Structure formats: structure tokens, C-alpha cells
Amino acid sequence: MKVRDVIEAIQIEGWYQVRQTGSHRQFHHSTNGGCVTVAGHQSRDLPDWIVNSIL
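According to my numbering, the sequence shown is numbered sequentially starting from -1.
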């Protein structure tokens, strides 16, 4: 799964980007109060274990 697909999936679930430094994007959720960091360029494939830990 590509980085852009993961970003799209978490944004649909209510996460919003709060900051970005280089290729590291941090997302927060308004009701969960959690933080998720997605690293990598948008066209890069993420390993399955990273995708599973994010989603």
C-alpha cells in the first residue's frame, strides 16, 4: 500500500494533519486523542507491518 493511500484512509476515519517535517506527517484525531506519524514519500510502498500498525 502506498503512503498516499494510507493518508487517504486515515483522513476518511477522521484523522487530520497537524504538522509535517520533511516526509514525516503527524495526524491527530479529534475524539480519540491519539497521534499517528506516517513517514515516507507519497509514491513509496509501505511494508505490511507498518500499514497494519497504522490502520
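Note that beta-carbon positions come from the ideal geometry of N, C-alpha and C, so glycine has one too.
These numbers come from a predicted model, not from an experiment.
Check, Outcome
"Cβ neighbour criterion (16 or more within 10 Å) applied to R17", "exposed"
"Counted within 10 angstroms of its Cβ, other Cβ atoms place R42 as buried (16 or more) or exposed", "exposed"
"Those runs of the beta strand (DSSP E) which lie wholly inside the region -1 to 38 and span at least 3 residues", "13 to 19, 22 to 27 and 33 to 37"
"Straight-line gap, V49 to K0 (C-alpha atoms, nearest Å)", "9 Å"
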